[in-house]
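Presented below is the structure to which this report refers.
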Amino acid sequence: MVGRKRTVPSRSSKRGAGSGNNDQPDIYQQMLAEAGVSAPEQSSPERPLKRRRPGPQQPQRPLSDLPSRLTNTDAQLDTQESDEEDEDVEFQDVILPVPTVQTVELESDDEDEEEEEDIQFEDVDFSAPLADTNTSAEKSNSLELNLTAHISAASPSKRPGERRKPISKEERERRVDIHKTHLLCLLSHVARRNDWCNDERVQESLRPHLTDKMVNYLNPGSHLPQFGQAESLKNGLRQAADVWKAKFEITERGLRRALWAEDAGQLQDYEPAEDLDSCLDRADFREAAKKLQGSRDVGAQLYCALLRSIGVRARLVCSLQPLSFAPGAPTLPKPKVAKSAAKTTQTERTKEALAKYEALAASAGTTTGSVGGSSARRRLGHPNATAYNFQPRLAAPKERRAFEAPIRIRQSAHPVYWVEVLDAGHQKWQPADPVVTRTFWKTKAFEPPVTDKENCLAYVVAFEADGTAKDVTRRYAKAYTAKTRRLRVETPLDDGGQWWRKALESFRRRHPTDLDQIEENELTGVEAREPMPRNVQDFKDHPVFALERHMRRHEVLVPEAKPSGTVGAGSRGPLEKIYRRRDVRIARSAEKWYRMGREVKPNEIPAKWLQKTARRKGFRVDDRDEADMDDDAGTPIYTIEQTELYEAPAVRNGRVPKNKFGNIDAYVPSMIPKGAVHIIHEHAARAAFIVGVDYAPALTGFQFKGRQGTAVLNGIVVAKEFEAAIRSVIDGLADVEQEMEDERKRLAALKMWRRLLMGLRIRERIWSGVDEDERKEADREAEMEAELANAESDVTDEFNMVVDDDGEGGGFIIE
5 MVGRKRTVPS RSSKRGAGSG NNDQPDIYQQ MLAEAGVSAP EQSSPERPLK
55 RRRPGPQQPQ RPLSDLPSRL TNTDAQLDTQ ESDEEDEDVE FQDVILPVPT
105 VQTVELESDD EDEEEEEDIQ FEDVDFSAPL ADTNTSAEKS NSLELNLTAH
155 ISAASPSKRP GERRKPISKE ERERRVDIHK THLLCLLSHV ARRNDWCNDE
205 RVQESLRPHL TDKMVNYLNP GSHLPQFGQA ESLKNGLRQA ADVWKAKFEI
255 TERGLRRALW AEDAGQLQDY EPAEDLDSCL DRADFREAAK KLQGSRDVGA
305 QLYCALLRSI GVRARLVCSL QPLSFAPGAP TLPKPKVAKS AAKTTQTERT
355 KEALAKYEAL AASAGTTTGS VGGSSARRRL GHPNATAYNF QPRLAAPKER
405 RAFEAPIRIR QSAHPVYWVE VLDAGHQKWQ PADPVVTRTF WKTKAFEPPV
455 TDKENCLAYV VAFEADGTAK DVTRRYAKAY TAKTRRLRVE TPLDDGGQWW
505 RKALESFRRR HPTDLDQIEE NELTGVEARE PMPRNVQDFK DHPVFALERH
555 MRRHEVLVPE AKPSGTVGAG SRGPLEKIYR RRDVRIARSA EKWYRMGREV
605 KPNEIPAKWL QKTARRKGFR VDDRDEADMD DDAGTPIYTI EQTELYEAPA
655 VRNGRVPKNK FGNIDAYVPS MIPKGAVHII HEHAARAAFI VGVDYAPALT
705 GFQFKGRQGT AVLNGIVVAK EFEAAIRSVI DGLADVEQEM EDERKRLAAL
755 KMWRRLLMGL RIRERIWSGV DEDERKEADR EAEMEAELAN AESDVTDEFN
805 MVVDDDGEGG GFIIE
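So the sequence shown is numbered by the numbering used here: it starts at 5 and just counts up by one.
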């Protein structure tokens with residue numbers, strides 16, 4: 005409470021008034037009485053502190069003199085007086101009433117209670133008086149300056165997260181292979197589910213859920229206009245969705261995004277959720293159609309079967325969830341060991357308490373020792389209260405709800421399965437999702453955000469009733485070119501998505517219809533109408549737009565390139581110009597253009613100068629080359645417009661032009677000189693030498709191993725008039741070589757025959773004086789010995805072991 009302002013007297017009168025008693029006004033007393041607070045005593049031993057008079061600041065003194073300075077300053081404040089009006093304002097100490105703390109019990113679900121089990125709150129007494137900081141400051145005679153405590157308080161207590169290591173090239177290739185294998189498995193899975201939607205027994209179970217009016221809406225007549233057919237189909241889908249929402253119940257978890265494990269130990273302890281989709285075969289799918297229960301994926305599949313049962317042309321659409329090959333893909337969450345241990349301990353305590361209670365109830369007798377059914381509370385004061393054995397009364401059964409509460413399953417807010425229905429009036433496929441989003445004709449409502457760990461839209465495949473499939477990702481992706489394309493297998497491969505098109509080849513219709521061509525034109529138009537990206541990161545590797553910061557080392561802009569717009573790099577960053585990708589050219593050095601069969605035009609200014617790369621540690625350079633490298637400012641590179649086709653010197657008088665190494669550069673066929681021909685054969689150089697014509701070995705490239713390159717010579721280059729003679733000699737050399745090979749085979753055969761005949765002669769000489777019967781007997785015994793020698797043994801080494809039946813040591817000497 006603030007006292008009433010007084011008129012400011014002079015300095016002398018003010019001093020005199022300060023020494024006298026200042027009676028409190030009646031209004032102030034009434035206000036204190038209404039608040040229920042007694043007025044403080046008139047004589048206060050302490051005078052209220054006054055504001056320091058503004059003036060020049062005193063010079064700074066060392067910290068050691070701070071306690072004495074504080075004491076002197078307090079003394080000066082007690083004696084100083086101010087002439088300002090604000091200095092006369094005095095504050096009175098008012099005792100506040102004790103606050104009433106209101107507590108409310110929070111009614112939370114089981115899942116929220118599990119999450120808040122580890123959170124502990126500290127009981128704070130709000131009625132306790134606060135600590136007097138001034139008193140504690142006066143008691144301390146020295147000032148302590150602790151910078152460490154200030155740094156620890158300012159710095160966050162949580163350790164920064166560990167930075168992920170970039171994956172290697174081998175790991176990336178392995179992830180791409182796993183990604184492709186998982187895609188094939190998912191395609192097979194969706195094809196099987198699409199076939200189940202055509203099951204007759206399933207459709208017979210679902211058809212009675214629709215009325216005749218709904219069937220008429222879902223099958224509009226061709227006499228209606230385009231708008232009428234579309235509205236009739238929308239009304240039918242809306243009514244069918246209401247029926248499906250009321251009858252189908254989600255009791256299990258559907259397909260979710262596949263996640264990587266950070267280590268092998270995490271996979272060993274991994275256990276799938278208990279509420280996974282249990283529909284694994286056709287019989288389970290038929291049972292789910294009767295009970296109308298299952299995962300939301302099964303709900304979308306049954307809804308597709310329901311529409312097909314009444315003649316609606318519907319497609320089963322699935323957003324495939326393969327393992328990502330990107331290095332920043334989300335991983336499996338780490339198990340919370342401490343939380344599970346706490347839960348186990350609490351469960352064990354509950355079981356122990358329950359066991360004690362059951363033991364106590366079993367030991368109690370069945371008779372009661374009091375008349376009139378006295379309660380336990382009335383017998384507590386009796387001297388012989390322990391002699392009474394009573395059976396605890398059972399609690400009254402709680403009232404159960406007529407309907408059980410729906411099972412709460414935490415899943416993504418966007419579906420994995422949904423349905424596409426053909427709008428025959430407009431010849432377009434329109435999406436319908438009655439289970440998750442409950443939307444119709446809204447293609448942009450199916451793409452989940454980037455932060456969703458349960459769902460990722462990268463491959464959307466639609467399966468028709470005949471088993472054909474089509475990739476319709478461009479219809480549902482908001483930024484297919486800028487964002488979604490990076491998640492697909494088209495980006496890391498050099499074939500431009502050829503593998504993915506080959507994977508869908510078995511599901512593609514052999515003869516495309518007019519509807520397929522209309523849909524393809526629609527998807528192409530959606531991709532072409534995609535707007536320009538809004539952030540800098542999406543411009544990287546964009547097929548339409550490009551920024552100068554994302555250009556590679558050998559990429560330059562054409563001189564006449566004009567920017568198509570600007571983009572800001574952050575809130576305070578400068579604006580960067582956006583160019584078309586068609587204005588970007590690949591520039592190469594003169595040597596690389598020469599190896600591609602082109603040469604730089606004379607007097608061309610380089611489009612760019614490449615800076616020298618830093619030499620690796622330990623790389624040896626000659627002294628002569630080191631001086632040249634220091635003077636070199638870099639490597640000039642040129643665009644293809646600054647080059648022209650290379651023309652080698654023509655052949656004159658049958659002589660082929662050669663370089664200083666005695667061969668000719670023939671990296672591409674256009675580098676062959678006029679009047680010459682390139683003959684590729686292993687005996688071409690030998691044939692030219694035999695004929696005696698001039699030739700040059702053809703240098704077609706280099707083979708690198710480490711940092712060393714080896715020239716690859718393939719064939720020869722000779723004058724065109726000698727081609728026929730050289731090829732004839734090559735054919736003759738081939739014939740001669742074939743004759744020599746036949747001669748080697750003939751000599752080898754004669755050698756084997758000679759060995760056989762010599763063996764027969766030796767045998768005949770040995771058995772010349774032996775009887776015929778004895779010779780046959782010896783041959784038979786030799787054959788038997790050979791068969792026994794080659795036969796497999798039927799016994800093992802255990803049968804040859806000596807068994808010690810006498811206990812004499814089994815062949816060892818017993819001491």
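For glycine and all other residues, C-beta sits at the position ideal for the given N, C-alpha and C.
Exercise. Just confirm the distance between the C-beta atoms of residue 703 and residue 670, as a whole number of angstroms; I'd bet it's less than 8 Å.
Key: Residue 703 to residue 670, Cβ: 6 Å. Contact.
Quiz item: Can we say the stretch 230-245 touches the stretch 260-270, given the rule of at least three CB pairs closer than 8 Å?
Solution: Between the stretch 230-245 and the stretch 260-270, the count of Cβ pairs shorter than 8 Å is below three; the stretches do not touch.
Quiz item: Between which two residues does the beta strand (DSSP E) containing residue 422 stretch?
Solution: Its beta strand (DSSP E) spans residues 421-427.
Practice problem: Could you name the residues that DSSP lists as bridge partners for residue 473? | Solution: Residue 473 pairs with 467.
Practice problem: Can you grab the Cα-Cα spacing for the pair residue 425 / residue 358, in whole Å? | Solution: Residue 425 and residue 358: Cα-Cα distance of roughly 58 Å.
Self-check item: Cβ separation of residue 363 and residue 201, assumed to be a contact under 8 Å, to the nearest whole Å
Solution: Rounded, the Cβ-Cβ distance is 58 Å, inconsistent with contact.
Quiz item: Where do the ends of the alpha helix (DSSP H) carrying residue 240 lie?
Solution: Taken as a continuous stretch (DSSP letters only), the alpha helix (DSSP H) holding residue 240 covers 230-251.
Quiz prompt | Cβ contact (3+ pairs, closer than 8 Å) linking the stretch 726-741 and the stretch 694-713 | solution = Segment contact: the stretch 726-741 against the stretch 694-713, three or more CB-CB distances shorter than 8 Å; contact assigned.
Quiz item: What residue ranges within the stretch 505-567 form continuous alpha helix (DSSP H) runs of no fewer than 4 residues, ordered along the chain?
Solution: Runs of the alpha helix (DSSP H) inside the stretch 505-567: 518-532.
Quiz prompt | residue 593 - DSSP class collapsed to helix/strand/coil | solution = Strand at residue 593.
Exercise. Could you tell me the distance, in whole angstroms, from the CA atom of residue 533 to the CA atom of residue 540?
Key: Distance between the alpha carbons of residue 533 and residue 540 is about 20 Å.
Quiz item: How long is the line joining the alpha carbons of residue 579 and residue 567, rounded to whole angstroms?
Solution: Each residue's Cα considered, the two are about 12 Å apart.
Quiz prompt | Where residue 220 sits in the DSSP three-state scheme | solution = Three-state DSSP puts residue 220 in a helix.
Quiz item: Looking at the unbroken alpha helix (DSSP H) that takes in residue 308, where does it start and where does it end?
Solution: Looking at the DSSP string, the run of the alpha helix (DSSP H) that includes residue 308 is 300-313.
Quiz prompt | Cut-off 6 Å between Cβ atoms - residues of its own chain near residue 504, not counting five sequence neighbours on either side | solution = If you ignore the 5 residues before and after residue 504, its C-beta comes within less than 6 Å of the C-beta of 493, all in its own chain and listed in chain order.
Quiz prompt | Rounded straight-line distance, which links the Cα of residue 170 to that of residue 229 | solution = Here the C-alpha atom of residue 229 lies approximately 59 Å from the C-alpha atom of residue 170.
Quiz item: What residue does the alpha helix (DSSP H) around residue 770 start on, and which one ends it?
Solution: Counting along the chain, residue 770 sits inside the alpha helix (DSSP H) bounded by residues 727-770.
Quiz item: In angstroms, rounded to a whole number, what distance separates the CA positions of residue 291 and residue 211?
Solution: Residue 291 and residue 211 have their alpha carbons spaced roughly 15 Å apart.
Quiz item: Do the CB positions of residue 611 and residue 642 come within less than 8 Å of each other?
Solution: Closer than 8 Å, so yes.
Quiz item: residue 708 lies in the beta strand (DSSP E); which residues open and close that run?
Solution: From DSSP, the beta strand (DSSP E) with residue 708 extends over 699-709.
Quiz item: By DSSP, does residue 605 sit in helix, in strand, or in coil?
Solution: Reduced to three states, the DSSP call for residue 605 is coil.
Quiz item: For residue 2, which residues does DSSP report across the bridge?
Solution: One cannot answer for residue 2 here, as it falls past the ends of the chain, which runs 5 to 819.
Quiz item: For residue 282, which option in 272, 273, 675 and 299 has the closest C-alpha, if you only look at C-alpha atoms?
Solution: Closest by alpha carbon: 299.
Exercise. Would you check if there are 3 or more beta carbon pairs closer than 8 Å linking the stretch 415-433 to the stretch 219-237?
Key: The count of Cβ pairs closer than 8 Å, one atom from the stretch 415-433 and one from the stretch 219-237, reaches three, so the stretches are in contact.
Exercise. Return the bridge partner residues of residue 323 from the DSSP annotation.
Key: Residue 323 is bridged to 464.
Quiz item: According to DSSP, which residues form a beta bridge with residue 291?
Solution: As computed with DSSP, residue 291 is found in no beta bridge at all.
Quiz prompt | Residue-level contact to chain B via CB, residue 178, 8 Å cutoff | solution = Absent from the structure: chain B. Only one protein chain is present.
Quiz prompt | Neighbourhood of residue 682 by C-beta distance below 8 Å, restricted to the same chain and skipping five residues each side | solution = A distance below 8 Å between beta-carbons, with the five flanking residues on each side excluded, links residue 682 to the following residues of its chain, in chain order: 670, 673, 676, 702, 719, 720 and 721.
Quiz item: To the nearest angstrom, how far is it from the Cα of residue 603 to the Cα of residue 708?
Solution: For residue 603 and residue 708, the distance between alpha carbons rounds to 24 Å.
Quiz item: Can the beta-carbon of residue 486 be found less than 8 Å from the beta-carbon of residue 537?
Solution: Closer than 8 Å, so yes.
Quiz item: If you run the structure through DSSP and keep just helix, strand and coil, what is residue 441?
Solution: Here residue 441 carries a coil assignment [DSSP, helix/strand/coil].
Quiz prompt | DSSP-derived helix/strand/coil call for residue 789 | solution = Three-state DSSP puts residue 789 in a helix.
Quiz prompt | Nearest-angstrom Cα separation, counted from residue 465 out to residue 2 | solution = In the structure displayed, the chain extends from 5 to 819; residue 2 sits before or after that span and is not available.
Quiz item: Taking the alpha-carbon positions, what's the residue 209 to residue 316 distance?
Solution: In a straight line, the C-alpha of residue 209 is about 17 Å away from that of residue 316.
Self-check item: Minimum C-alpha distance to residue 490 - residue among 475, 520 and 545
Solution: In this structure, 545 is the residue among 475, 520 and 545 with its C-alpha nearest to the C-alpha of residue 490.
Quiz item: By Cβ distance, which residues of its chain are closer than 6 Å to residue 370, with the 5 residues on each side in sequence left out?
Solution: Annotation note: pLDDT 42 at residue 370 (below 50); position unreliable, coordinate value reported separately. Correct list: empty, nothing qualifies.
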